[in-house]
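Residue numbers (this note's numbering): 357 to 516.
All C-beta atoms in this analysis are idealised placements derived from N, C-alpha and C, irrespective of residue type, glycine included.
This structure is a prediction, so every number in the text was calculated from the model and none was measured.
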């Protein structure tokens, strides 16, 4: 039940508990208890809402910053990743393979704010060797959700 529960709520964390219990063939109480256990264990880390900001009046700029660092003895990449993810501007930090070590995502009000963050905060960290900034121009799919769904004509063709 655990993996099936996680798969369902990963796609829709707002599904009503009675529907969730029915889908899993169990009771609401068992679902509530299992979710509480998963939260306590740190398996469920949070609940988030995916917003398409392009459809609002709010201006937001998103960027992916590749960061190459010198890992610290005995701590690897964890210490520098922690320093980076503690900045409030940072949305996520990933350890990646390839030419760079970390991938940092930012969300700010302007290109200038992102550039200033990279220049003034990120690049000045003593273990950072280099950065490469990529601005997200348009999101097509995010967290498994298609953001710009094409509308289909669902009218039926009637012929004489």
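| Check | Outcome |
| --- | --- |
| Among 516, 432, 389 and 501, nearest to residue 408 - alpha-carbon criterion | 501 |
| Inter-residue CB distance, residue 419 and residue 514 (contact presumed, cutoff 8 Å) | Going by Cβ atoms, the distance from residue 419 to residue 514 rounds to 50 Å, so no, they are not a contact pair. |
| Limits of the alpha helix (DSSP H) - the one that residue 394 falls within | 384-397 |
| Environment of residue 436 [buried if 16+ CB atoms lie within 10 Å] | buried |
| Identity of the residues DSSP links to residue 486 by a beta bridge | 424 |
| Whole-angstrom distance between residue 494 and residue 505, CA atom to CA atom | 13 Å |
| Beta-carbon separation (whole angstroms), residue 394 vs residue 387, contact threshold 8 Å | The Cβ separation is near 10 Å, so there is no contact. |
| Residue span of the alpha helix (DSSP H) that contains residue 441, given as start and end | 434-441 |
| Where residue 376 falls, given that 16 or more other Cβ within 10 Å makes a residue buried | buried |
| Burial state of residue 467 (16 or more Cβ within 10 Å) | exposed |
| Outcome for residue 399 when other beta-carbon atoms lying within 10 angstroms are tallied against a minimum of 16 | exposed |
| Limits of the alpha helix (DSSP H) - the one that residue 471 falls within | 467-473 |
| Which of helix, strand or coil DSSP assigns to residue 406 | coil |
| Member of 453, 459 and 455 whose CA lies at the smallest distance from the CA of residue 447 | 459 |
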